[in-house]
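K.L.:
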Amino acid sequence: MADDVSSKIKRRSFLKAGAGAAIVGALVATVAPLRNLKAGSLDGFFQQHYKRLSVADLQAIIARLEGEIGRDYGAAVSIKDPKPKPGVRFAYALNLSRCNGSRRCVTACVQENNQSRDPAIQYIKVLEMPSGTFDLEKSDQHYDHEQVPMDGKFYLPVQCQQCEDPPCTKVCPVEATWKEPDGITVIDYDWCIGCRYCMAACPYEARRFNFSKPEIPTEDINPNMGYLSNRIRPAGVVEKCHFCLHRTREGKNPACLEVCPTGARVFGDLNDPESEIRYIVQNKRTYILKEEAGTIPAFFYYFDV
Amino acid sequence: MNGTYYLAFLRKVTVVASLAAIVAGCSESYPPKEGLYQRQVDGEVFDITPVRGALKPLRYKRGSFDYACTECHNDFASPRRQNPLQGEHADIDARFDHGMNTYCVNCHHQTDRNVYVDHDGSPIPSTEPARLCAKCHGPTYREWELGIHGRQNGSWERNSPNRTKLLCIQCHDPHQPAFPMMVPDPPTIVTRFDVGGAEESPHSPANESAKPRGETEHGR
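Keeping their order, the protein sequence lines are chains W and F.
Quick note: the first sequence uses the working numbering, first residue 4, plus one each step.
Quick note: the second sequence uses the working numbering, first residue 55, plus one each step.
(1) Taking the alpha carbon of N227(W) as the reference point, which residue from R107(W), Y200(W), N116(W), P206(W) has its own alpha carbon closest?
(2) Please report the distance separating the alpha-carbon of A32(W) from that of Y76(W).
(3) Got a sec, what are the start and stop residues for the beta strand (DSSP E) M228(W) sits in?
(4) The segment 214 to 226 of chain W: which residues have C-beta closer than 9 Å to a C-beta of chain F, in chain order?
(5) Could you work out which residues of chain W lie near G204(F), taking near to mean beta carbons separated by less than 8 Å?
(6) Tell me the DSSP secondary structure of M236(F) in three-state form.
(7) Could you run through the segment 97 to 129 of chain W and flag, in chain order, every residue whose CB is less than 7 Å away from some CB of chain F?
(8) Output, in chain order, the set of chain W residues within a Cβ distance shorter than 7 Å of L200(F).
(9) At the level of alpha carbons, what is the spacing between P179(F) and H162(F)?
(10) Contact defined as beta carbons within less than 8 Å: I believe I202(F) pairs with E279(W). What is the distance between those atoms, to the nearest angstrom?
(11) Please confirm if the segment 125 to 136 of chain W is in contact with the segment 155 to 165 of chain W, defined as three or more CB-CB distances below 8 Å between the two stretches.
(12) Alpha carbon to alpha carbon, what distance is there between W181(W) and P300(W)?
(13) Using DSSP bridges, identify the partner residues of K243(W).
(14) Kindly indicate which three-state DSSP category K219(F) falls into: helix, strand or coil?
(15) Taking C-beta pairs closer than 9 Å, name the residues in chain B that N160(F) reaches, listed in chain order.
(16) Quick test of the definition: if touching needs 3 or more C-beta pairs under 8 Å, does the segment 99 to 117 of chain W touch the segment 257 to 268 of chain W?
(17) Helix, strand or coil for S100(W)? Go by DSSP, reduced to three states.
(18) Step through the CB atoms of chain F and report whether any lies within less than 8 Å of the CB of D84(W).
(19) Would you list, in sequence order, the uninterrupted alpha helix (DSSP H) runs of no fewer than 4 residues that lie entirely inside the segment 93 to 174 of chain F?
(20) Identify the contact partners of G21(F) in chain W, using a Cβ-Cβ distance below 8 Å as the criterion.
(21) Examine chain W for any beta-carbon lying closer than 8 Å to the beta-carbon of L90(F), and answer yes or no.
(22) Are P217(W) and I190(W) touching if we call contact CB-CB under 8 Å?
(23) Whose C-alpha, out of Y305(W), T298(W), F93(W), is nearest the C-alpha of C166(W)?
(24) Taking the alpha helix (DSSP H) that L30(W) falls in, what are its first and last residues?
(25) Is P193(F) helix, strand or coil by DSSP?
(26) Quick one: is G141(F) buried, meaning 16 or more other Cβ sit within 10 Å of its Cβ, or exposed?
(27) Using a 10 Å radius around the Cβ and a threshold of 16 neighbouring Cβ atoms, would you call Q164(W) buried or exposed?
(28) Under 8 Å Cβ to Cβ from Q51(W), same chain only, skipping five residues before and after it: list those, please.
(29) Leaving out the 5 sequence neighbours to the left and right, which residues in its chain are closer than 7 Å to T289(W) when beta-carbon positions are compared?
(30) Decide if K243(W) is buried, meaning its Cβ has at least 16 other Cβ atoms within 10 Å, or exposed.
(31) Measure the alpha-carbon distance for D143(W) versus S215(W) and round it to whole angstroms.
(32) Using beta carbons (cut-off 8 Å, strictly below), is T188(W) in contact with chain F?
(33) So, does the segment 222 to 234 of chain F touch the segment 172 to 191 of chain F, judging by three or more C-beta pairs under 8 Å?
(34) Who are the Cβ neighbours of D84(W) in its own chain at under 8 Å, not counting the five residues just before and after it?
(35) Hey, quick one: how far does the alpha helix (DSSP H) through R268(W) stretch, first residue to last?
(36) Grouping DSSP H, G and I as helix and E and B as strand, with all else coil, what is A180(W)?
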């Protein structure tokens with residue numbers, strides 16, 4: 004019988020080996036996502052937080068990202084990282100008497116900011132509200148009329164309000180989102196872990212989550228990208244309106260303003276006493292959404308007719 | 055060979071092989087930038103054409119014909135009031151809706167039809183329609199001058215040379231100045247839940263609209 008035992012696998016060694024194999028299998032399964040990483044993504048995996056990057060680091064990362072987008076989407080793009088202008092404080096005003104709910108801002112935002120077309124991500128929600136109330140629960144963002152504006156309705160576009168005291172940045176467990184000196188709340192897309200706490204914290208539902216890799220036709224990709232703004236986001240991260248910072252920090256207007264057919268939108272520097280936005284805040288009866296939340300938005304709405 | 059050693063050996067091989075596979079998977083390189091699609095972006099990637107297009111001079115156009123107003127109005131007498139409009143301008147009469155402002159010569163010059171007219175009868179060139187509209191719409195004109203009414207393209211910086219202002223008649227039809235109804239861009243309906251089998255999805259637009267909004271929009 005002793006011969007039989009030595010020639011066969013013992014029960015103990017079999018179990019040990021099985022347990023060992025299970026542990027190895029679990030380890031391999033744990034790091035399996037690493038195997039899906041492509042070119043240079045090992046660099047991306049070990050990439051530091053945006054605020055800890057040196058200029059040279061950032062340049063290397065940008066070169067890598069441009070290459071990755073070229074490989075994945077087949078488009079030649081250039082990524083910049085414009086810094087906030089000193090002394091500038093961005094704010095937005097929207098004239099609800101003028102807005103006619105045409106959703107041109109939504110479309111332009113998608114085109115400018117390389118948002119996923121399928122599944123569709125849009126930063127701006129145009130809420131159709133019954134006249135005479137400001138109850139957001141009575142709003143309809145899925146309206147699909149032949150013609151707008153409808154009688155007895157007004158239209159309330161909602162996007163990131165760029166709060167003075169943003170709740171979203173406080174709940175981020177990894178500090179992947181923060182407020183810049185010019186008032187824009189930004190996200191480090193490579194540092195975000197996709198926990199979506201910020202989405203839960205935002206009273207304005209301004210944040211969007213990339214459930215899958217963004218799908219954008221190559222010919223629709225906007226090649227002028229910003230590192231903290233409209234570069235194509237990876238799957239599994241949160242994104243939101245950033246006042247088109249790659250445009251506005253270079254003096255241009257946000258895309259939603261540029262296309263507004265009714266001229267309902269005014270954008271500018273709140274610190275400049277001669278600016279249009281300042282005139283509106285001082286002379287129009289502006290108000291902010293969900294004032295009771297204490298977030299102090301930099302997005303002012305008003306009626307003037 | 056002893057089975058235990060064999061399995062231990064196998065285990066080591068598995069670990070080494072999977073690590074090697076991981077490293078191999080990561081070390082693939084991306085192609086250089088040549089040969090990629092280069093999108094031509096001269097202005098913007100979105101359309102900033104105003105509702106009524108570029109500012110056009112005051113001319114009479116029908117099909118391929120394009121006349122200066124004076125080509126007819128120098129020959130024919132221009133009646134001070136002709137109501138209803140007949141002949142060549144009958145189409146204006148059909149859509150005309152400018153409140154109590156129903157006299158052609160409130161805006162058009164009595165003798166020189168290529169220009170507009172000011173209160174004192176002096177001409178306003180057709181390149182400056184805002185001066186004409188300001189005759190009646192003072193508050194709106196002041197807000198337009200301030201940059202509050204209408205769209206300013208180009209830049210938010212006050213002193214930027216790129217800044218452009220739309221003129222009144224690039225958005226408003228002077229014969230029918232109320233802002234026109236527009237076809238809205240389509241709403242977002244493609245969500246994670248809608249991909250494939252949109253009809254059956256609880257978040258498809260048909261099912262969404264059947265429910266009260268507050269319940270489907272997470273309290274909004």
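Built from N, CA and C at the ideal position, the CB exists for glycine as well.
Every value quoted in this text rests on a predicted model; they were computed, and no experiment measured them.
P.N.:
On the basis of the coordinates in this document:
(1) N116(W)
(2) 28 Å
(3) 227 to 229
(4) F214, S215, T221, E222, D223, I224, N225, P226
(5) G266
(6) strand
(7) N103, G104, S105, R106, R107, V109, T110, A111, Q114, E115, D121, P122, A123, Q125
(8) E279, Y282
(9) 11 Å
(10) 6 Å
(11) yes
(12) 15 Å
(13) R210(W)
(14) strand
(15) No chain B is part of this structure, whose protein chains are labelled W and F.
(16) yes
(17) coil
(18) no
(19) 124 to 127, 144 to 149
(20) With chain F covering 55 to 274 only, the question about residue 21(F) has no answer from this structure.
(21) yes
(22) no
(23) T298(W)
(24) 14 to 33
(25) helix
(26) exposed
(27) buried
(28) D60
(29) A96, I283, F303, Y304, Y305
(30) buried
(31) 26 Å
(32) no
(33) yes
(34) L61, I65, G229, Y230, L231
(35) No alpha helix (DSSP H) contains R268(W), which is instead part of the beta strand (DSSP E) from 268 to 272.
(36) The sequence shown places Thr at residue 180(W), not Ala. In this structure, T180(W) counts as strand in the three-state DSSP scheme.
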